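Following: one structure in structure tokens, then a few remarks.
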Amino acid sequence: MTSMPRFALIFAAIFMACGTATAKRLEDFNHAPTSYGSSEQLSVDKQLLAEFSHKKFVCRSEAAFLPKESPAAAEAFRQLVEYALAGDQIDNFWMDEEHKKQREGLLADAVKEGSWKAVYLDSVWTLRYPASPAERVNASEKLQALIQQGVPIAAYKYGSSLYGRDDNAMYALLSGAVDRGSPQAMALVGGNIVPQAKVLHPVGKQLLECAVEQGFAPAYRSLGKLAWMEGRRLDAYRLWEKGANKGCASCIQYLEPIGRVRRGYTSATPVLEQVPQLAAINAFYERNFFYPLSELKDFDLPLPKNLTFHLNDKELLKLLETEQGSDF
């Protein structure tokens, strides 16, 4: 009668010892050699350095700088969001002309009620899909008017559109958006700093962490890349894992290699077939059209709990062991 409890205790002790050993070996990968690679090889962005080298960053929330919507404007925009999110989940929903007209009508109603979010969305939509050059100019002017009103995301969106055309103006606008708490601007600037300006890595990390604190999950992508460069490879995968579950669609690609250490994988096997959980998350994010277009939190659908992805420690350890010595 006493042998079963004793056996169970021995088994539990062995199991715990194995788990502790795995955890220890995983933690060792947070002390890997640094791997800055492109950070030291790419020519540094001079405009980026000029704008942010001496900037004293203070983490602020954009909520403090957003114009207040009237009850009527907020309700009109809420109806648009509700309809758009529901439509995104139905295959070919927007191929129906009636559905498109309904969406356009709801947007027009929200604009008439004075919703700055509706004006912003309408401008961004038109800039992406202009029916004519005149419409594009008009949309650009509306976006610039929102910038004059101090809307952080408008400064970010317009500034990022200047990339390659006027980088000085781009970074000036992004810097102003950062000062007004735009997590999108923080993620973009921090994301540029990571591969292009090693000297600015401390401020880049602060920018990315502030964006994450505001719930802007795409910043996890660059936080993971920075952790990898610093030799914290376990942290990198944990950050990408967290990001993928919180809304960072671009984090998924950094988790896909886990499929290469799963049974049955060959070089001819699509990696996502080996990790169906990630494929399901990817499909969920791909259905949401309006969030990547606008980057407005209103359109950010949380991942259902049943789709949450968790890295297996043994698989992660095996992957990290195969990647030893590789650059990012």
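Take the sequence shown: its letters are residues -23 to -1, 1 to 305, numbered as in mature numbering (1 follows the signal peptide of the UniProt record, and there is no 0). Here a beta-carbon is modelled for each residue, glycine too, at the ideal position from N, C-alpha and C. Please read these numbers as outputs of a predicted model, since none were measured by experiment.
The three-state secondary structure of C225, taken from DSSP, is coil. About 5 angstroms separates the Cβ atoms of E39 and S159, confirming a contact at the 8 angstroms cut-off.
Runs of the alpha helix (DSSP H) lying entirely within the stretch 196 to 246, each at least 4 residues long, are 196 to 206, 210 to 223 and 229 to 232 in chain order.
Rounded to the nearest whole angstrom, the C-alpha separation of K78 and S138 is 28 angstroms. In the assembly as shown, N222 is a buried residue. Its beta-carbon has 16 or more other beta-carbons within 10 Å.
Assigned with DSSP and collapsed to three states, A194 falls in coil, not helix or strand. Distance from the CA atom of K282 to the CA atom of A111, rounded to whole angstroms, is 45 angstroms. As the crow flies, the alpha-carbon of R80 is around 18 angstroms from that of A49. The beta carbon of I67 sits closer than 7 angstroms to none of the beta carbons in its chain outside the five residues before and after it. Closest option to N115, judged by alpha-carbon separation, among I124, S100, L123 and Q125: S100. Going by C-alpha positions, I235 is about 33 angstroms away from D22. In terms of Cβ geometry, L211 and I229 do not form a close pair [threshold 7 angstroms]. DSSP, reduced to helix, strand and coil, places H287 outside both helices and strands of the structure shown, so it counts as coil. Shown here, P48 sits in a helix according to DSSP, grouped into three states. Within the model, the alpha-carbon separation for Q121 versus Y268 is close to 21 angstroms.
Counting C-beta pairs closer than 8 angstroms gives fewer than three between the stretch 279 to 294 and the stretch 139 to 152, which falls short of the contact rule. Taking 4 residues as the shortest admissible run, the stretch 78 to 130 contains the following complete alpha helix (DSSP H) segments, listed from N- to C-terminal end: 93 to 105 and 110 to 125. When D156, Y106, A53 and A95 are compared, the shortest CA-CA separation from F34 is found for D156. Each residue's CA atom was taken as its position, placing M147 and A245 some 43 angstroms apart. Setting aside the 5 residues that flank it on each side, L177 is surrounded in the same chain by L25, L26, F29, S30 and I170, each with a C-beta closer than 8 angstroms to its C-beta; the list follows chain order. Per the coordinates, the alpha-carbon of S227 lies some 7 angstroms from the alpha-carbon of R198. One Cα belongs to H287, the other to W217, and the distance between them is close to 11 angstroms. Rounded to whole angstroms, the Cβ separation of W102 and L123 is 14 angstroms, and the two are not in contact under 8 angstroms. Annotated as proximal: N7 and R209, with beta-carbon spacing under 7 angstroms.
Burial state of K202 is buried, judged by a 10 Å Cβ sphere holding 16 or more other Cβ atoms.
Here the alpha carbon of Y13 sits roughly 19 angstroms from the alpha carbon of A164. Distance from the Cα of L98 is smallest, within the candidate group A260, D275 and T285, for D275. Per DSSP, L139 lies in no alpha helix (DSSP H) segment and is marked neither H nor E.
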